[in-house]
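What follows is a short report on a single structure.
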Amino acid sequence: MIVLRACLTIDPAGREIFLSALREFVDHSRAETDCLTFDVGEDVHALNRFIVLEVWATHAALDQHEKSSHVATFKAKIGTLVTERETTQVYTVNNVSTL
């Protein structure tokens, strides 16, 4: 299992444009084969800072996702709205347990 975590902050003036593009992006991503989870949350302490958490069955599935047209479309729509972006982290998970 592959987990991707990304954080980005957007310009508040473009919030509605960002959210519209994000909804479309999430819907397309969740429909992809081998997408196990695709969630986005807003930081409760920092308005307009969003955390993306994706879980993919395989690294190949993540690679295919990254090459998809909806990823390119999303990046094009939000490119000028992003004011800060942390380095995206990708984790390979070999074991999962519950609490």
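So in numbering that gives the first Met the number 0 the end of the sequence shown lands on 98, straight run, no missing numbers.
Virtual Cβ for every residue (Gly too), placed ideally from N, Cα, C.
Of the other Cβ atoms in all chains shown, 16 or more fall within 10 Å of the Cβ of E53; this residue is therefore buried.
Within the same chain, and ignoring the five residues on either side of T8 in sequence, the residues whose Cβ sits closer than 8 Å to its Cβ are A45, N47, R48, F49, V81, T82, E83, R84. Going by beta carbons, T91 and I1 fall inside the 8 Å limit. Cβ-Cβ distances below 7 Å link A20 to F73, K76, I77 in the same chain, with the five nearest sequence neighbours on each side left out; the list follows chain order. Rounded to whole angstroms, T87 and D62 show a C-alpha spacing of 14 Å.
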